[in-house]
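Following our numbering from start to finish, the sequence shown increments by one per residue and tops out at 75.
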Amino acid sequence: MGQVSPLPPPRNGAAPDIAPACARPVSPVRMITTTRCALCGTRLEEGAERFFVVSPQSVDRVLTVCHTCRNAALSEGYRPAG
-6 MGQVSPLPPP RNGAAPDIAP ACARPVSPVR MITTTRCALC GTRLEEGAER FFVVSPQSVD
54 RVLTVCHTCR NAALSEGYRP AG
């Protein structure tokens, strides 16, 4: 999480200040989506272990799988990706 500094107290009777220009452009917020295991369909929430395996049917296809399916897949001819 980013750090936030408190706002300065309002000045009574002063004209509103113009906000200073940002030194850097603001980055867009990217939501972390939940993923499903490609073999059993279990939801892999944020923080869940995710493994990537290469399908024996298609060399260029990488699957995201859960821990249980990874162990089963490695014994059936799938290879770890990367």
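Where a beta carbon is used, it is the ideal one built from N, C-alpha and C, also for glycine.
* In the structure shown, what three-state DSSP assignment does T61 receive? -> Mapped onto the sequence shown, residue 61 falls at position 68. Note: T61 maps to helix in three-state DSSP.
* To do: With DSSP collapsed to three states, give me the class of L105.
  => This structure does not reach residue 105, given that the chain is present from -6 up to 75, and the question cannot be answered.
* To do: Would you grab the beta carbon distance between R29 and V46 for me? Rounded to a whole angstrom, and I think it's under 8 Å.
  => To locate residue 29, count along the sequence shown from 1; it is residue 36. To locate residue 46, count along the sequence shown from 1; it is residue 53. About 15 Å separates the CB atoms of R29 and V46; that is not less than 8 Å, and the two are not in contact.
* How close, in whole Å, do the beta carbons of A66 and L32 come, if the pair is a contact with beta carbons under 8 Å? -> Taking the first residue of the sequence shown as position 1, residue 66 is located at position 73. Taking the first residue of the sequence shown as position 1, residue 32 is located at position 39. Your pair A66 and L32 checks out as a contact, with CB atoms roughly 7 Å apart and the cut at 8 Å.
* To do: Tell me, please, which residues DSSP counts as bridged to T28.
  => For the purposes of this step, residue 28 is taken as the residue at position 35 of the sequence shown. Note: T28 sits in a beta bridge opposite L37.
* At which residues does the beta strand (DSSP E) containing V47 begin and terminate? -> As a first step, residue 47 is located in the sequence shown; it is residue number 54 there, counting from the start. For V47, the uninterrupted beta strand (DSSP E) segment begins and ends at 44 to 47.
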